[in-house]
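J.: A single structure is presented below for examination.
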Amino acid sequence: MAHVGALPKVHRYVTAHNAKGEAVFSDKFDEESKMKANDDGIAFALSYTTKGFPVSMTDDEDYEVYDKFLKEPPGLVVSGGTVLRHVDIPPGVACAMHRTVSLDYGCVLEGEVELLLDSGEKRLMKRGDVAIQRGTMHQWINPSKTEWTRMLFVLQPSQPLKIGSETFGENLAGMAGVRSSD
């Protein structure tokens, strides 16, 4: 299940300011967001992260936060911050059914993906479609036998979900290569 060349490289361009206060492109980070495959073949790229609200960009404080997370990757969610992540799903592969304590925007960039909820409801998402994931148990499935899927996720932490007297926390169900969130 080769990943190299299956989808185009992800380029992300981080902006900055020069000494005159003019907008420029930063050279602090490589412009290629590196995809790293887990044991199940699903590949992740940590394309940016923040910590704290509102985000402080003075003296490039946000760069320091992101640089730290590049060296020690976070779980799926960063407590008190945001995560921008690209995810490539091989043909015929599904991640584990899971829940995060976050509000997520998941957009299909390439291919198609099935979003399956623990109730059994599902939707087939195509290029340009977006899911607003609100702390639900869900699974991403690439239904194609030949084509890869690429998604872009923006995750922000939320309060733990409460329904009646029950509180729902993070449930990663042993997702390959994914550690618990902070």
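To get our numbering, take the position in the sequence shown, counting from 1, and add 9.
Beta carbons are placed, not taken as given, at the ideal position from N, Cα and C, and that holds for glycine.
No experiment lies behind these values; they were computed from the predicted model shown.
1) Are there 16 or more other CB atoms within 10 angstroms of the CB of isoleucine 98, so buried, or fewer, so exposed?
2) What residue does the alpha helix (DSSP H) around tyrosine 22 start on, and which one ends it?
3) Could you tell me which residues DSSP puts in a beta bridge with valine 139?
4) Taking leucine 125 as the reference, give the member of Ile150, Cys116, Leu112 with the closest Cα.
5) For lysine 43, which residues from the same chain have a beta carbon less than 7 Å from its beta carbon, with the 5 sequence-adjacent residues on both sides left out?
6) Rounded to the nearest angstrom, what separates glycine 137 and asparagine 27 at their Cα positions?
7) Which residues in the same chain have their Cβ closer than 6 Å to the Cβ of glutamate 123, if we skip the five residues on either side of it in sequence?
8) Can you tell me where the alpha helix (DSSP H) with lysine 171 in it begins and where it stops?
9) Just verifying my parser: in three-state terms, what is the DSSP assignment at lysine 37?
10) Determine the extent of the beta strand (DSSP E) in which aspartate 97 is found, giving its start and end residues.
11) Look up threonine 145 in the DSSP assignment and say whether it is helix, strand or coil.
12) In angstroms with no decimal places, state the Cα-to-Cα distance between serine 167 and leucine 79.
13) In whole angstroms, what is the alpha-carbon distance linking glutamine 165 and leucine 16?
14) With a 10 Å radius around its C-beta and 16 neighbouring C-beta atoms as the bar for buried, classify methionine 10 as buried or exposed.
15) Are there 16 or more other CB atoms within 10 angstroms of the CB of aspartate 71, so buried, or fewer, so exposed?
T.: To lay it out plainly:
1) Taking the first residue of the sequence shown as 1, we reach residue 98 at position 89. Isoleucine 98 is buried by the Cβ-count criterion.
2) Taking the sequence shown and counting its residues from 1, one reaches residue 22 at position 13. Per DSSP, tyrosine 22 belongs to no alpha helix (DSSP H) and is neither H nor E.
3) If you number the sequence shown from 1, residue 139 lands on position 130. Answer is Cys116.
4) Mapped onto the sequence shown, residue 125 falls at position 116. Closest by alpha carbon: Ile150.
5) The residue given as residue 43 occupies position 34 in the sequence shown. Correct list, in chain order: Ala54.
6) Counting from one through the sequence shown, the residue named residue 137 turns up at place 128. Counting from one through the sequence shown, the residue named residue 27 turns up at place 18. Straight-line Cα distance between these residues: approximately 35 Å.
7) Taking the sequence shown and counting its residues from 1, the one referred to as residue 123 is at position 114. Only Lys131, Leu133, Ile150, Pro152 meet the Cβ criterion.
8) Position 162 of the sequence shown, counting from 1, holds the residue named residue 171. Lysine 171 -> not in any alpha helix (DSSP H); beta strand (DSSP E) instead, spanning 170-172.
9) Start at 1 with the first residue of the sequence shown, and residue 37 comes out as number 28. Coil, per DSSP.
10) The sequence position of residue 97 within the sequence shown is 88, counting from 1. 90-98 is the extent of the beta strand (DSSP E) around aspartate 97.
11) On the sequence shown, residue 145 is found 136 positions in, with the first residue counted as 1. Correct three-state label for threonine 145: coil.
12) For the purposes of this step, residue 167 is identified with residue 158 of the sequence shown, where counting begins at 1. For the purposes of this step, residue 79 is identified with residue 70 of the sequence shown, where counting begins at 1. Cα to Cα, serine 167 sits roughly 23 Å from leucine 79.
13) Against the sequence shown, residue 165 aligns to sequence position 156. Against the sequence shown, residue 16 aligns to sequence position 7. Taking the Cα positions, glutamine 165 is about 26 Å away from leucine 16.
14) Indexing the sequence shown from 1 puts residue 10 at position 1. With a pLDDT of 48 at methionine 10, under the threshold of 50, the modelled position of that residue is not reliable, and the figure given next carries that caveat. The residue is exposed, with fewer than 16 neighbouring Cβ atoms inside 10 Å.
15) Residue 71 sits at position 62 when you count from the first residue of the sequence shown. It is buried - the Cβ of aspartate 71 has at least 16 other Cβ atoms within 10 Å.
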